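Enquirer: Sequential numbering of the sequence shown, starting at 1153, is according to the working numbering.
Pasting in a structure now, in structure tokens, and then I'll have a few things to ask.
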Amino acid sequence: MEIGTTGETGRPAWVGLPGGLLTLRRLLLVIWTLLLATATAVLLGVLGGPAWAALGAPWLGVLAWGWVMLGRNWRSWRYAERADDLLISRGVLWRQETVVPYGRMQLVEVTSGPLERRFGLASVQLHTAAAATDAKIPGLVPAEAERLRDRLTELGEARSAGL
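Next comes the structure, spelled out in structure tokens:
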């Protein structure tokens, strides 16, 4: 199925995010929760005695809960290119769907911070005249982010020229 087409049911052809974003976020979760668990256990162990060091263990529960929640959040992100607009959908409890008409796009940026570059990721940021409709697609492979940027820029120029 080509990009911008709909399936047999007439629904948009949704594209999910690659797994690199989930890997990055889970790695950060593991690092931070283990640091906090260790710091809590050492601090309470020194100040209160060995029995108090066990209070560092609840951080491991936070790690397990966060692991599951990050997976659910990652699966909720998706986007679809349609003939006249781009759809971005996200959210687990509160679903948010953003529709950005190509003719309203003013700027399309591809950004990649140091950790994102290390994991081979990039984000596409869409800017429109109304700040409330700015949208972002995180965690894309850089080649896909650049392709999407070029396509959205081309479609935006074509649609705005017709205004």
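Using N, Cα and C, we set each Cβ at its ideal position, and we do this for glycine too.
Small disclaimer: the values here were computed from a predicted structure and weren't measured.
In angstroms, rounded to a whole number, what distance separates the CA positions of G1213 and A1203?
Expert: The alpha-carbon atoms of G1213 and A1203 are separated by roughly 19 Å.
Enquirer: Might you give, ordered along the chain, the residues of its own chain that have their beta carbon closer than 7 Å to the beta carbon of Q1258, omitting 5 neighbours on each side?
Expert: Closer than 7 Å at the Cβ level, and outside the excluded window around Q1258, lie H1279, T1280, A1281.
Enquirer: Tell me, to the nearest whole angstrom, how far the beta carbon of D1237 is from that of V1252; I am working on the premise that it is less than 8 Å.
Expert: The pair is a contact, with the Cβ atoms about 6 Å apart (cut-off 8 Å).
Enquirer: Let me know the secondary structure DSSP gives D1237 once reduced to three states.
Expert: Looking at D1237 - three-state DSSP - the assignment turns out to be strand.
Enquirer: Please name the residue, chosen from Y1254, A1232, E1233, W1226, that lies closest to V1244 on a Cα-to-Cα basis.
Expert: Nearest C-alpha to V1244: W1226.
Enquirer: Once the 5 residues before and after L1188 are set aside, which same chain residues still bring their CB inside 7 Å of it?
Expert: So the qualifying residues of the chain are W1211.
Enquirer: With 16 other CB atoms within 10 Å as the buried threshold, where does V1276 fall?
Expert: It counts as buried.
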